[in-house]
Amino acid sequence: MTGRVLLTLAMLALAAPANSQNLAGHQADCRAAAQQIDRDFPLPRVTRALDAKRLDILVVGAGSSLLPGPSGPKNAYPARLQIALAEKLAGVAVKVTTDVKPRRTAAEMVKTMAPALAAAKPTLMVWQTGTVDAMQSVDTDQFRAALENGINTAHAAGADVVLINAQYSPRTESMIALGTYAENMRWVALQQEVPLFDRFSIMKVWADLGTFDLYSATKKLDTAERVHDCIGRLLADFVIEAAKPEEPHGETGR
Amino acid sequence: MAPVTTERDLRLDLFRGIALWLIFLDHIPSNAVSWITIRNYGFSDATEIFVFISGYTAAFVYGRAMREHGFIVASARVLKRAWQIYVAHMFLFVIYLAEIAYVASSFKNPLYTEEMGVLDFLQNPDVTILQALLLKFKPVNMDVLPLYIVLLLWFPPMLWLLLRTPSFALATSALVYALTWWFGWSIPAYPNGTWVFNPFAWQLMFVFGAWCALGGAQRLARWVNSPVVVWLAVAYIVFAFAIAMTWYFPRLGVFVPKFVSDAIYPIDKPNLDVLRIVHFLSLAVITVWFVPRNWPALRSPLFWPAIVCGQHSLETFCLGVFLAFAGHFVFTEVSNRLLTHVIVSFSGIVIMVAAAALISWYRRIERKGPGPRPPAIKPGYAGGDA
Chain A
286 MTGRVLLTLA
296 MLALAAPANS
306 QNLAGHQADC
316 RAAAQQIDRD
326 FPLPRVTRAL
336 DAKRLDILVV
346 GAGSSLLPGP
356 SGPKNAYPAR
366 LQIALAEKLA
376 GVAVKVTTDV
386 KPRRTAAEMV
396 KTMAPALAAA
406 KPTLMVWQTG
416 TVDAMQSVDT
426 DQFRAALENG
436 INTAHAAGAD
446 VVLINAQYSP
456 RTESMIALGT
466 YAENMRWVAL
476 QQEVPLFDRF
486 SIMKVWADLG
496 TFDLYSATKK
506 LDTAERVHDC
516 IGRLLADFVI
526 EAAKPEEPHG
536 ETGR
Chain B
18 MAPVTTERDL
28 RLDLFRGIAL
38 WLIFLDHIPS
48 NAVSWITIRN
58 YGFSDATEIF
68 VFISGYTAAF
78 VYGRAMREHG
88 FIVASARVLK
98 RAWQIYVAHM
108 FLFVIYLAEI
118 AYVASSFKNP
128 LYTEEMGVLD
138 FLQNPDVTIL
148 QALLLKFKPV
158 NMDVLPLYIV
168 LLLWFPPMLW
178 LLLRTPSFAL
188 ATSALVYALT
198 WWFGWSIPAY
208 PNGTWVFNPF
218 AWQLMFVFGA
228 WCALGGAQRL
238 ARWVNSPVVV
248 WLAVAYIVFA
258 FAIAMTWYFP
268 RLGVFVPKFV
278 SDAIYPIDKP
288 NLDVLRIVHF
298 LSLAVITVWF
308 VPRNWPALRS
318 PLFWPAIVCG
328 QHSLETFCLG
338 VFLAFAGHFV
348 FTEVSNRLLT
358 HVIVSFSGIV
368 IMVAAAALIS
378 WYRRIERKGP
388 GPRPPAIKPG
398 YAGGDA
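Protein sequence lines, in the order shown, are assigned to chains A and B. Residue numbers are given in this note's numbering: position 175 of the first sequence equals residue 460, and the series is strictly consecutive. Residue numbers are given in this note's numbering: position 295 of the second sequence equals residue 312, and the series is strictly consecutive.
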């Protein structure tokens, strides 16, 4: 994962060294990390839902899908995802519901997943996980089993799945061993043929380019809100890209 | 069976020194320079090299002690070493506590409310410190020394067996490894999960190193030097490299057939996956092919910095863990530019070399001593730790 980030950075550094200087002072440009979005697996149910002009999404997640404060729900990425999708998908009724509570491991989220899916009847389940498992050093076999379990539950309920991995959190990096859990998520995504939204690498690029100061010890919410806004927008692009009707793989440059 | 060689193999010190540098670079979170380390280009990483060479040198040093002074004396020395490592580990733990207590008091970013939960254990330090003393609570990147302690505790009977029937000893070790995979043996960690490096699995690498030191390497020589084996090793390394590239460029993943990815993932680092062992062996075969034992360059000043670090591995390793903490602190508090990464990485290695050189110097003057004390340690064996 790190290597991929670095290669991207190397390309960006060659392309736009001056640009990154400006970004820090100006409005954040989330697109700086758009290279991190790679179409790998399709979302056939979403493709059909877009044809039918109606897209229901359930976001299942833990604390990093939330923002604190009274306007938190409005500014956290699930709400931003709904706004971004509605903007980009004119004529499609987009509705995002959430099943988000802090401090939940993947296995704990799976427990409430079936009723949440039955209530929301989504076409797509966006599943953010991995952070709490890493913090509690949950056994990686159990972590993988929980991921597979959750993906199967969603598929059985008629929903496509997008996985979201942990946030890049530079201050706590020496305390939370995210690497193993990120790798295991990647492997499960690969084996289950589920797209993985690589939030970690995206935020890493932002931090390295100075798009956002993720090292900051600030208590203010403004950066956090902008980060969630960008995550919501990139996630919308990611879903739309993955839901595009199948096209041949190849050297289609970007 | 007696070791065929008596002089220390400088290649061991060289590659252990390099492994220590790589471990240091990998342990600084987000370090751009860690891009150069081998874990990015295949299945195994510097840990395998470190554990293998540690097993090799432990057999070399304590094997001689066991033959000359008997089981009890050699075991006592092994246990003393394990105690030293335990103390070193606890010292590093205290530094770690200081670092995270600082983070806990200074960092309240609302973006990371969830992540800050990892600091909750500071609210009951009694439990945390006790669990750390029991080696059950281990901070990130502080798993190698506890592994080393357990490997050494198990080493005296293993060494006894290795000195008598080396092949049977190696087979025993492989059996324990296989049973570990079969029954899922592991050591529990606090608050959850198991040890990051499962000693029941990783002992195989350590014992294999010891077996090589006690004559196994000579027996393998015919195989290791065969061109067929070398080409197989090259092919495997190329395969591992190609797979590693799909980790960084997911779109390359379409070229990996599903049955291959189903077969290789997950690559189990805690239990020393077979893919990792084979990758390490392939690297070893190629290394031995290109770097002969009596290669004159081993005595050149170019390789001295790595060799001196490899000769004082415990001190260098601990210093590396501390420097990795310090490096991360610099990234968070001072600057996170690429240039900082390069400077921090390079200075860290220079400090490790300087410290190892200082320890060598101390050993030399202590050996000369205040009085007319005869040199206690034989030449060739000098300066090297187990």
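For each residue, glycine too, the CB sits at the ideal point set by N, CA and C. For clarity, every value in this text was computed on a predicted model and none was experimentally measured.
(request) Pull up the distance between the alpha-carbon of ALA361 (chain A) and that of GLN476 (chain A), whole angstroms please. (result) 30 angstroms
(message) Taking its Cβ as the centre, do 16 or more other Cβ atoms sit within 10 Å of GLN306 (chain A), making it buried, or is it exposed?
(response) At GLN306 (chain A) the pLDDT is 37, less than 50, meaning the model places this residue with poor confidence and gives no usable figure here.
(message) At the 8 angstroms Cβ level, is ASN307 (chain A) part of the contact set with chain B, yes or no?
(response) Per-residue confidence for ASN307 (chain A) stands at a pLDDT of 36, beneath the threshold of 50, marking its modelled position as unreliable; the derived number appears in the next sentence. It does not; no Cβ of chain B falls within 8 angstroms.
(request) For LEU308 (chain A), collect the residues of the same chain with a Cβ closer than 8 angstroms to its Cβ; drop the 5 residues on either side in sequence, then sort them by chain order. (result) Since pLDDT at LEU308 (chain A) reaches only 36, below the 50 mark, its modelled position is unreliable, and no value is offered.
(request) Please confirm if GLU65 (chain B) has its CB atom under 8 angstroms from at least one CB of chain A. (result) no
(request) Take the Cβ of ARG28 (chain B) as the centre, count every other Cβ of all protein chains shown within 10 Å, and call the residue buried at 16 or more, exposed below. (result) buried
(request) Please report how far the alpha carbon of ALA238 (chain B) lies from the alpha carbon of GLY365 (chain B), in whole angstroms. (result) 37 angstroms
(message) Considering just the uninterrupted stretch of the alpha helix (DSSP H) at ILE436 (chain A), what are its terminal residues?
(response) 425-441
(request) Would you give the residue range spanned by the alpha helix (DSSP H) that GLN476 (chain A) belongs to? (result) 463-477
(message) Distance check for TRP412 (chain A) and ILE102 (chain B), CA to CA, integer angstroms please.
(response) 42 angstroms
(request) Rounded to whole angstroms, what's the CA-CA distance from VAL379 (chain A) to GLY517 (chain A)? Just pull it up for me. (result) 14 angstroms
(request) Would you mind stating whether ARG98 (chain B) and GLY327 (chain B) have Cβ atoms separated by less than 8 angstroms? (result) no
(request) Hey, could you find the ends of the alpha helix (DSSP H) LEU355 (chain B) is sitting in? (result) 355-385
(request) Let me know if THR390 (chain A) comes out buried or exposed under the rule of 16 or more other beta-carbons within 10 Å of its beta-carbon. (result) buried
(request) Would you decide whether LEU196 (chain B) is buried or exposed? Buried here means 16 or more other CB atoms lie within 10 Å of its CB. (result) exposed
(request) List the endpoints of the continuous beta strand (DSSP E) containing TRP412 (chain A). (result) 409-413
(message) Between LEU520 (chain A) and chain B, is the shortest Cβ-Cβ distance under 8 angstroms, so that the two count as touching?
(response) no
(request) Check whether the Cβ of GLU132 (chain B) lies closer than 8 angstroms to any Cβ atom in chain A. (result) yes
(request) With DSSP collapsed to three states, give me the class of LEU481 (chain A). (result) strand
(request) Return the chain-ordered list of same chain residues with a C-beta closer than 7 angstroms to the C-beta of SER501 (chain A), the five sequence neighbours on each side being excluded. (result) THR508
(request) Identify, in the order they occur along the chain, each residue of the same chain with its Cβ nearer than 6 angstroms to the Cβ of ALA206 (chain B), setting aside the five sequence neighbours on each side. (result) LYS153 and TRP212
(request) Have a look at B:ALA230, B:GLY72 and B:SER352 and flag the residue whose alpha-carbon is nearest the alpha-carbon of ASP498 (chain A). (result) B:SER352
(request) Find the nearest neighbour of SER330 (chain B) within the set B:PRO274, B:ILE45, B:TRP38 and B:ASN126, judged by alpha-carbon distance. (result) B:TRP38
(request) Identify every residue that forms a DSSP beta bridge with ILE449 (chain A). (result) A:GLN413 and A:PHE482
(message) Which of the three DSSP states is assigned to ALA364 (chain A) in this structure?
(response) helix
(request) Determine which residues of the stretch 48-81 of chain B have a Cβ less than 9 angstroms from any Cβ of chain A, and write them out in chain order. (result) ASN48, ALA49, SER51, TRP52, ASN57 and TYR58
(message) Taking 8 angstroms as the threshold (beta carbon to beta carbon), is VAL524 (chain A) in contact with chain B?
(response) no
(message) Can you check whether the C-beta of SER122 (chain B) is within less than 8 angstroms of a C-beta belonging to chain A?
(response) no
(message) Under DSSP, the beta strand (DSSP E) around LYS286 (chain B) begins and ends at which residues?
(response) LYS286 (chain B) -> no beta strand (DSSP E), and no H or E assigned at all.
(request) Along the beta strand (DSSP E) that carries ASP341 (chain A), what are the first and last residues, could you check? (result) 339-346
(request) Given a cut-off of 8 angstroms, decide if TYR73 (chain B) and CYS229 (chain B) are closer than it, judged by their beta-carbon atoms. (result) yes
(message) Can you check whether the C-beta of LEU475 (chain A) is within less than 8 angstroms of a C-beta belonging to chain B?
(response) yes
(request) Can you grab the Cα-Cα spacing for the pair ASN434 (chain A) / ALA399 (chain A), in whole Å? (result) 11 angstroms
(request) In angstroms with no decimal places, state the Cα-to-Cα distance between LYS529 (chain A) and PRO327 (chain A). (result) 8 angstroms
(message) For VAL120 (chain B) and LEU136 (chain B), which I take to be in contact (beta-carbon distance under 8 angstroms), what is that distance rounded to the nearest angstrom?
(response) 7 angstroms
(request) Could you work out which residue in A:ILE461, A:GLY346, A:LYS489 and A:VAL423 is closest to ILE449 (chain A) when comparing CA atoms only? (result) A:GLY346
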